[in-house]
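Chains as they are written, first to last, in this note's numbering: chain A, 1 to 478; chain B, 1001 to 1095.
Structural data, given as C-alpha cells:
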C-alpha cells in the first residue's frame, strides 16, 4: 500500500519598509544608487557607533500588524542574531526574537479562507554580495542595502499546497502595497519569500523534517519552487529515504531546488537582547495615532468605489485589485468626472494593453493625460475608436493626447457633407447587405457601420453616423 | 553546569576565533568558573521582586525619518583592505 503525503508549508516573507531612511541611521533607503554611496559609520558597523531606531519604521510595522489583524505588543525587544557573512559588517543582525512587535494575525486567501500568522518582527536588511562569473577568488559587496528596514512576516505552518502559498503571497503583497508599508517590488527584492516545506503521511499530525527553500523572488518562482520541492521530498519518502534538514535554493533557470552549501552551524545564532537598544515601549496614544492614519484597505475601497462612483461590484473589484490602479483611476476621475467612462476605458483598452505588455506595472501614461484624452472624446474631438489609437500612441511616445490627435490626423469627422459621401460610397459598394437590410435583416446595420468606420479610419463621429446611415438606408426603400 | 573544552571549541568556531591548545584549556577553565558564578546568582529566588522601574519606563529613543547624509564612496571604501569599482572585495563566499 502506498502512503499518501500532505505538504506542510510555512512562509517567511521579508518586506522592505517604505521609509526615507534606514532603520538605525540617517542614510537614505533607496534602490539603485551607485554601490556603497548610501552608507555611514552606523550601517558600516564601525566601532563605537550606536543605532537609533527610525520612528517611521516602527509606525509602518504597526500599520502592517493592524492591517493583518495582529496583536501589537506594547513592549517589544530587539535582539542580536549573530553570524558571519561579508554582507553583514557588524557580525550580527539587529532583529527581534522572543518579543516581536506584532503577534498573531492572518492573511486572507481571497476565497473566505485565511492563513494564520505567528508574528511580525522588525529587523535590518543585510548588504548585497555579488559573485562575478570567472571572478576568481573574490566576491564583491555593496552595503547600500545594509540597514534598510524590514519586517519579517512569519506564517504558521498551516499552508497545504503551492497554490495556497501563491495565493497567500498575492494577497499579502496587495495589503502591504495598499497600506503603503512596502512597494511590493519582487524584482528589486523589496518583497522576498522563503518557504519551509515538509511532508507527512495524511492523517498524522507530527511534523516531518523540513527544508528551507530560498530565492523565491517572484510569484511564479514561489509556486513552481514549492511544487518542485514537494515532489522532490515525496520521491525520497516513497522510495524509503529520509529528508535531510537543509537549506535549498530555487534555481529558476533549471527549475529545480538545489542544496546550498551548508554553512557550518549556521543556525546557531546565539540570540541575546540588543545591548545598544532599550526595549521599544508603545503607548496607547501612539497605537491610536497609527490606527487613525491607516490607509484604506482593499475591501473598504471596493465598497467605496461602488457607492461613491456608482460602479458595479465586478468593476470595483477589478479597479481596486491593485492599489496603484485604484489610485490611478481616482486621479483620472478627479480631472474627468465621469467615473463610468473612466472605468470602462481602464478595464478595456488600458488593461488590455497592460496585459499585452506582460507586466503588472502601470503603463507609462499619467492619469492627467488619460483624463485629457477622455475629455477630448467626450467633447467630440475624437471618436472612441480613434481614441484607442491615440492612447496607444501616448503609451509609445509620451506625447499629449491633443497633439497626437493632430499629428495622427485623427480629428473626429462630424461634418455632415463629408460623412454623407462616405456613407453613400459604402452603401454603393455593398448592394447585397443593403438589400438584406431592406428585407428586414436589422443585424446588417452593424456590419455597414463597421465599414463606414473603417472608411473613416475610425474618425467618424458615431453619434452623427448612426442616424445618418439608417436614414440613408431608409431612403432607399423609395 | 560544566563548561568543557568541546563547548569552548564550538563557541570559538562560531565566533571565528582560532585558539591554541593552551588557550582552549585555560579559557575553558575560566569560562566554567564564570558560568558557575552566574549559576549561583540564578539560584536566588526573585519571583516576588518587581522589574526595576527603569526597565519598565525607559523606551528606546526614536529618530525622525529624515535623511542625514552618507559618506562618499571614497570615504566608505578607503579604509577597506581592497575595493574595486566602488565595491568591497572579499574572499569568495559562494561555490
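For each residue, glycine too, the CB sits at the ideal point set by N, CA and C.
Source: prediction; values computed, not measured.
Note down, in chain order, every chain A residue with its Cβ under 8 Å from the Cβ of residue 1087 of chain B.
Result: 35, 36, 130, 140, 141, 142.
Could you tell me which residues DSSP pairs with residue 43 of chain A in its beta bridges?
BP columns for residue 43 of chain A are empty, so no partner.
Since residue 438 of chain A and residue 472 of chain A are thought to touch, with beta carbons under 8 Å apart, how far apart are those beta carbons, to the nearest angstrom?
Incorrect: roughly 12 Å between the Cβ atoms, too far for contact.
Scan the segment 1059 to 1074 of chain B for residues whose Cβ lies nearer than 8 Å to a Cβ of chain A and list them as they occur along the chain.
Hits within the stretch, in order: 1059, 1060, 1061, 1062, 1063, 1064, 1065, 1066, 1067, 1068, 1069, 1070, 1071, 1072, 1073.
Could you name the residues of the segment 265 to 281 of chain A whose beta carbon sits closer than 8 Å to any beta carbon of chain B, in the order they occur along the chain?
Under the 8 Å Cβ criterion, the segment 265 to 281 of chain A contributes 265, 268, 270, 277, 278, 279, 280, 281.
Bridge partners for residue 93 of chain A per DSSP, in chain order?
Paired residues: A:81.
Taking CB distances under 9 Å as the criterion, tell me whether residue 70 of chain A reaches chain B.
Not one chain B Cβ lies under 9 Å of residue 70 of chain A.
Using the C-alpha atoms, what's the distance from residue 1005 of chain B back to residue 1032 of chain B?
Spanning the two alpha carbons is a distance of roughly 10 Å.
Considering only C-alpha positions, which residue in the set A:91, A:254, A:206 is nearest to residue 7 of chain A?
For residue 7 of chain A, the nearest C-alpha among the options comes from A:206.
Any idea what DSSP makes of residue 206 of chain A, helix, strand or coil?
Residue 206 of chain A: coil per DSSP, three-state reduction.
Would you call residue 320 of chain A buried or exposed, if buried means 16 or more other Cβ atoms sit within 10 Å of its Cβ?
Counting Cβ neighbours within 10 Å, residue 320 of chain A comes out buried, since at least 16 surround it.
Measure the alpha-carbon distance for residue 265 of chain A versus residue 1009 of chain B and round it to whole angstroms.
Unreliable positioning characterises residue 265 of chain A in this predicted model, as indicated by a pLDDT of 48, which lies under 50. A coordinate reading is not provided.
Would you mind telling me which residues of chain B sit closer than 9 Å to residue 54 of chain A, beta carbon to beta carbon, in chain order?
Those within 9 Å of residue 54 of chain A in chain B are 1062, 1063, 1064, 1065.
Taking C-beta to C-beta, are residue 1065 of chain B and residue 19 of chain A nearer than 9 Å?
In this structure, residue 19 of chain A lies closer than 9 Å to residue 1065 of chain B by Cβ.
DSSP three-state label for residue 347 of chain A, please.
If DSSP states are grouped into helix, strand and coil, residue 347 of chain A belongs with the helices.
Name, please, each residue of chain B whose Cβ falls closer than 8 Å to the Cβ of residue 47 of chain A.
Those within 8 Å of residue 47 of chain A in chain B number zero; the least Cβ separation is about 12 Å.
Determine the DSSP secondary structure at residue 265 of chain A, reduced to helix, strand or coil.
Model confidence at residue 265 of chain A stands at a pLDDT of 48, short of 50, so the residue's coordinates are unreliable and nothing is read from them.
Please report the straight-line C-alpha distance between residue 260 of chain A and residue 250 of chain A, rounded to a whole angstrom.
Approximately 10 Å between the Cα atoms of the pair.
List in chain order: all unbroken alpha helix (DSSP H) runs of 4+ residues lying wholly within the segment 11 to 72 of chain A.
The qualifying runs are 55 to 67.
I need the DSSP call for residue 460 of chain A, collapsed to helix, strand or coil.
Strand.
Could you check what DSSP says for residue 143 of chain A in three-state terms: helix, strand or coil?
Coil.
Please classify residue 1078 of chain B: does DSSP put it in a helix, a strand, or coil?
Helix at residue 1078 of chain B.
If I'm right that residue 115 of chain A touches residue 168 of chain A with Cβ under 8 Å, what's the distance once you round it to whole angstroms?
Contact flag correct, Cβ pair sits at about 5 Å.
What are the boundary residues of the beta strand (DSSP E) that includes residue 192 of chain A?
191 to 201 is the extent of the beta strand (DSSP E) around residue 192 of chain A.
What is the DSSP secondary structure of residue 395 of chain A, reduced to helix, strand or coil?
If DSSP states are grouped into helix, strand and coil, residue 395 of chain A belongs with the helices.
Could you have a look at residue 439 of chain A and say whether DSSP puts it in helix, strand or coil?
Note: residue 439 of chain A maps to coil in three-state DSSP.
Between residue 79 of chain A and chain B, is there a C-beta pair that is closer than 9 Å?
Not an interface residue.
Are the segment 61 to 78 of chain A and the segment 172 to 182 of chain A touching by the rule of at least three beta carbon pairs closer than 8 Å?
Flag = yes, the segment 61 to 78 of chain A and the segment 172 to 182 of chain A touch.
Taking three-plus beta-carbon pairs below 8 Å as touching, is the segment 137 to 152 of chain A in contact with the segment 79 to 95 of chain A?
Yes: the two stretches touch, three or more of their Cβ pairs being nearer than 8 Å.
Indicate whether residue 373 of chain A and residue 394 of chain A have their beta-carbon atoms separated by less than 9 Å.
Yes, the Cβ-Cβ distance between residue 373 of chain A and residue 394 of chain A is below 9 Å.
Using only alpha-carbon positions, find the residue among A:196, A:72, A:44 that is nearest to residue 290 of chain A.
The residue with the shortest Cα to Cα distance from residue 290 of chain A is A:72.
Counting only runs of 3+ residues fully inside the segment 100 to 154 of chain A, write out the beta strand (DSSP E) ranges in chain order.
DSSP runs (the beta strand (DSSP E)) wholly in the segment 100 to 154 of chain A: 106 to 108, 114 to 124, 128 to 130, 138 to 142.
Taking the DSSP output, what are the residues bridged to residue 212 of chain A?
DSSP lists A:196, A:247 as partners of residue 212 of chain A.
State whether the segment 448 to 459 of chain A contacts the segment 1019 to 1029 of chain B, with contact taken as three or more CB pairs (one from each stretch) at a distance under 8 Å.
No, the segment 448 to 459 of chain A does not touch the segment 1019 to 1029 of chain B.
Please go through the segment 360 to 417 of chain A and give each complete beta strand (DSSP E) segment of 3 or more residues, from N-terminal end onward.
Correct list: empty.
Is there at least one Cβ from chain B nearer than 9 Å to residue 193 of chain A's Cβ?
No, because no Cβ of chain B sits closer than 9 Å to the Cβ of residue 193 of chain A.
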